[in-house]
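Colleague: Structure in structure tokens, see below.
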Ligand SMILES: Nc1ncnc2c1ncn2[C@@H]1O[C@H](COP(=O)(O)OP(=O)(O)OP(=O)(O)O)[C@@H](O)[C@H]1O
Ligand SMILES: [Mg+2]
């Protein structure tokens, strides 16, 4: 599932952009160092292939519904993790720009969710380990099914985390998880099967493609330690930024943190960082107050607890909402009028 | 999932729109990319229940749209096409968030409904601005802009390759699927067993094509380095565009214009 | 020693999957010659051409261009000397716009910006595609693509022009335009083609390939008048050399 701009908070969106941009930069230098100048056209054309293949649907047996290939693991198998990550990112860029799948700010999240897991978890840690040095048809299917399933499970879980941390959707964390993971388990199995059929077809028809993809590639052999370390670093980075932000905004994440730790307090270093940033934020007033009262936590279960606090002056609230609606109507009319006026002007000149 | 032919038509349409000529088209791509990104960040920085505050942000897409001579109905259709998705993702809000947030006379509106509408508004604004960006700039210029904004060359170059070959591969795939459909005697849908070979075939042909492209590059002296012309057009107009809009967004974000306007208006009549 | 001699000696090529595409080819092409390589589908024409600029390496045998063998050291110079136009122009036009595509080769040669611009302009004018410079390749028609593909090679001022099925997929008018264009190129030219009428018009010499071997090598007219040879190699006499099926008049201009 694609994250959408409309469900994102800037903190989550920008953090994930940062993480993704960093990974893109890292992978780019890796691909460049590889000195295989076949790779760039190959990446581009295979990206176009995945884009196209995703539009060809197949019917899922016994259900009547249809699915399409995801392609993350397939790309990793064909290109190695670094190039595959860049290619997945490119496909998502095109989809975001031309078809509004997700959106521009959500691009960071989507590239992370759909790119990192197949390229840097499923491929090196699962697929390659199961395949070993002697690929056989059975191993190939097991490896690709498990690989795709794990990548999708992780991807779906990070969609949940990103959504909850953003606090725009009211869907509670547990409900969301219970909804997302099983759906993506089913999708993963189907997609894994399809990936298997494609790979086995290529394996019998043109084995040298997979061989050239598997052999002679220093990229394929990244050490497990490096992956684990990078992920730890990533987690700390993301966690740090998000938890600071969450402490500023009691919606969403902090609620779950408070629930887990039993307190709303965050630790010392984060606290001081928090102060500095809070000061900056006050100065820029980027996140000013909003007219509708905020609710503490995005959870249905907290409704009872917070209901007491929500008793407010109804007339005041009514006042804000009426002037708000009138103001919106005015602005809307103005925007449209100005649009028409400008249009006439430019059309007249052009 | 969209059809192949439809997607290609859409791509070509947006690509052709970008070849148009207007004040907005003529701006350096970097200015448009940066402004659009900032716009989206400001729009999504509003809280769950923001609604009235979002309306003034309509000025940005409306004004750029008006100045760029794009076909309004087409852009509106593109925005409308994603709204069902926005409704779908926001649908849970009315279910889980039932507390009354607004009272309009006897009608009480729960927070969930407000946030659902807010999500739709955000979607329309963010998607609209992104579509206007691509339709006034074109993908190629956006790639060059990304490159000059610091995205690595390796990434943007293969992004350009991807874009170029989408047009070739989708055509190939459309032929293949059409041929399959013609032989499937009216049976709808592609079975599991024939899907693998079909995609596999496409993959093998794609691979061979990549080899031929590489061949064509090598034959013309390619040795791993891409040279491209750098045109710098970032001048006064661009600075004005970026700074002007950014100021507008910041003011809109910090001052609740709609409330002020509304209060003045209702105050005037009461 | 002329720069533009193409020598192929005992060339054999086996693909990775074991297909023997070329068995034992030998021939020499001299400066300024215009040579057609014809043969049925799968005869090995494209495979042969790919050896001429070192994209494929011979399994056995040798290819020499201008007296030099193809080695990693001579390769860059040989690739500049031998301009190659592929069968499918979509493979050749990979850059975002026509201009950038035609400029790709000269840029790789490290030419200064000004000269690149001049060469691109000249090459596009030569193929009558000057007005297409700013277009992206996917908005071009088939004939336009083909002409631009030729311009991408001309901009590198090659001494030897190698083309794989140049008239494939062109309408009669575009084909005629292209033939006119190729007549004006006075360096060594090597084509493969199934368009035998074009071969008669452009090439004084023809090499016939059959299942990876040279079946015949000689003057084009002599080869097309050898009915037995043509039948053996699954070829036909070009229409322009056959008697008119309607009025019976022979139109053999040669
Ligand atoms: N990459 C490849 N791997 C394996 N076999 C190949 C490859 N390319 C070509 N072949 C085989 O080599 C033989 C010669 O092919 P080639 O493309 O040179 O023929 P051609 O004369 O150009 O045919 P056409 O007229 O159809 O273009 C054919 O049997 C073909 O199947
Ligand atoms: Mg051929």
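Protein chains in written order, with our numbering: chain A, 44 to 393; chain B, 944 to 1213; chain C, 259 to 512. The beta carbon of each residue, even a glycine, is placed where N, CA and C say it ideally should be. Predicted model, so just to flag it, every value in this text is computed and none were measured.
Closest Cβ-Cβ distance between residue 363 of chain C and chain B: below 8 Å?
Modeller: yes
Colleague: Against chain C, does residue 961 of chain B count as a neighbour if the rule is that its beta carbon must be under 8 Å from one of theirs?
Modeller: no
Colleague: Comparing the C-beta of residue 1102 of chain B with each C-beta of chain C, is any distance below 8 Å?
Modeller: no
Colleague: Enumerated in chain order, which unbroken segments of the alpha helix (DSSP H) with a length of 4 residues or greater are wholly contained in the segment 308-340 of chain C?
Modeller: Those alpha helix (DSSP H) runs which fall completely within the segment 308-340 of chain C and span 4+ residues are 333-339.
Colleague: Mind checking whether residue 410 of chain C and residue 469 of chain C have CB atoms under 8 Å apart?
Modeller: no
Colleague: From the DSSP output, which residues share a beta bridge with residue 465 of chain C?
Modeller: C:295, C:475
Colleague: Under 7 Å from any heavy atom of ligand 1, does the C-beta of residue 432 of chain C make it?
Modeller: no
Colleague: Would you say residue 978 of chain B faces chain A, with C-beta separation under 8 Å as the test?
Modeller: no
Colleague: Give every residue whose Cβ lies closer than 5 Å to any heavy atom of ligand 1, listed in chain order.
Modeller: Those residues that bring their Cβ nearer than 5 Å to a heavy atom of ligand 1 are C:273, C:275, C:277, C:279, C:299, C:300, C:301, C:302, C:303, C:304, C:305.
Colleague: What are the residues of the segment 331-342 of chain C that lie near chain B, defined by any Cβ-Cβ distance shorter than 7 Å?
Modeller: Of all residues in the segment 331-342 of chain C, 334, 337, 338, 342 have a Cβ within less than 7 Å of some Cβ in chain B.
Colleague: Hey, could you find the ends of the beta strand (DSSP E) residue 279 of chain C is sitting in?
Modeller: 278-287
Colleague: By the DSSP assignment, the beta strand (DSSP E) with residue 421 of chain C in it spans what residues?
Modeller: 418-422
Colleague: For residue 944 of chain B and chain C, any beta-carbon pair shorter than 8 Å?
Modeller: Only weak support is given to the placement of residue 944 of chain B: the predicted model assigns it a pLDDT of 46, under 50, and the value that follows is read from those uncertain coordinates. No, its Cβ sits nowhere closer than 8 Å to a Cβ of chain C.
Colleague: Among residues of its own chain, excluding the 5 on either side of residue 4 of chain A, which ones have a beta-carbon nearer than 6 Å to its beta-carbon?
Modeller: There is no way to answer for residue 4 of chain A, as the model of chain A reaches only from 44 to 393.
Colleague: Taking residue 1166 of chain B as the query, report the chain A residues whose CB atoms sit under 9 Å from its CB, ordered along the chain.
Modeller: 80
Colleague: Using a C-beta cutoff of 8 Å, does residue 244 of chain A count as contacting chain B?
Modeller: Chain B, which has a Cβ nearer than 8 Å to the Cβ of residue 244 of chain A, makes this yes.
Colleague: Any heavy atom of ligand 2 within a distance shorter than 7 Å of the CB on residue 422 of chain C?
Modeller: yes
Colleague: So, does the CB of residue 61 of chain A fall closer than 8 Å to a CB anywhere in chain B?
Modeller: no
Colleague: Return the first residue and the last residue of the alpha helix (DSSP H) that residue 129 of chain A is part of.
Modeller: 124-142
Colleague: Extract the residue ranges of the alpha helix (DSSP H) inside the segment 1173-1198 of chain B, only unbroken runs of 4 or more that lie entirely within it.
Modeller: Assignment of alpha helix (DSSP H) within the segment 1173-1198 of chain B, counting only whole runs of 4 or more residues, yields 1179-1197 in chain order.
Colleague: Taking C-beta pairs closer than 7 Å, name the residues in chain A that residue 1106 of chain B reaches, listed in chain order.
Modeller: Within 7 Å Cβ-Cβ: 137.
Colleague: Can the beta-carbon of residue 293 of chain C be found less than 8 Å from the beta-carbon of residue 461 of chain C?
Modeller: Cβ distance < 8 Å, so residue 293 of chain C and residue 461 of chain C count as in contact.
Colleague: By DSSP, does residue 333 of chain A sit in helix, in strand, or in coil?
Modeller: Bear in mind that the predicted position of residue 333 of chain A carries a pLDDT of just 28, short of 50, making it too unreliable to give a figure here.
Colleague: Looking only at DSSP bridge pairs, what is residue 269 of chain C linked to?
Modeller: C:283
Colleague: Report yes if the C-beta of residue 435 of chain C is less than 7 Å from at least one heavy atom of ligand 2; otherwise report no.
Modeller: no
Colleague: When the Cα atoms are used, what is the spatial distance from residue 394 of chain C to residue 1081 of chain B?
Modeller: Those two C-alpha atoms are separated by around 11 Å.
Colleague: Please report the straight-line C-alpha distance between residue 218 of chain A and residue 236 of chain A, rounded to a whole angstrom.
Modeller: 28 Å
Colleague: Using a 10 Å radius around the Cβ and a threshold of 16 neighbouring Cβ atoms, would you call residue 1118 of chain B buried or exposed?
Modeller: exposed
Colleague: Report the rounded CA-to-CA distance for residue 970 of chain B versus residue 977 of chain B, giving the unit in angstroms.
Modeller: 12 Å
Colleague: In whole angstroms, what is the alpha-carbon distance linking residue 1033 of chain B and residue 1062 of chain B?
Modeller: Taking the CA atoms as reference points, residue 1033 of chain B sits about 6 Å from residue 1062 of chain B.
Colleague: Under a Cβ-count criterion, where at least 16 other Cβ atoms within 10 Å of its own Cβ denotes burial, should residue 990 of chain B be classed as buried or exposed?
Modeller: buried
Colleague: What number of angstroms, rounded off, separates the C-alpha of residue 327 of chain A from the C-alpha of residue 997 of chain B?
Modeller: Residue placement at residue 327 of chain A is flagged as unreliable, the pLDDT there being 43, under the threshold of 50; a coordinate-derived value is accordingly withheld.
Colleague: So, does the CB of residue 98 of chain A fall closer than 8 Å to a CB anywhere in chain B?
Modeller: Yes, because at least one Cβ of chain B sits closer than 8 Å to the Cβ of residue 98 of chain A.
Colleague: Cβ of residue 1151 of chain B within 8 Å of Cβ of residue 344 of chain C?
Modeller: no
Colleague: For residue 165 of chain A, count the other beta carbons within 10 Å of its own beta carbon; 16 or more makes it buried, fewer makes it exposed. Which is it?
Modeller: buried
Colleague: Assuming residue 1039 of chain B contacts residue 213 of chain A under a Cβ cut-off of 8 Å, what Cβ separation, rounded to an integer in Å, is found between them?
Modeller: Going by Cβ atoms, the distance from residue 1039 of chain B to residue 213 of chain A rounds to 4 Å, so yes, they are a contact pair.
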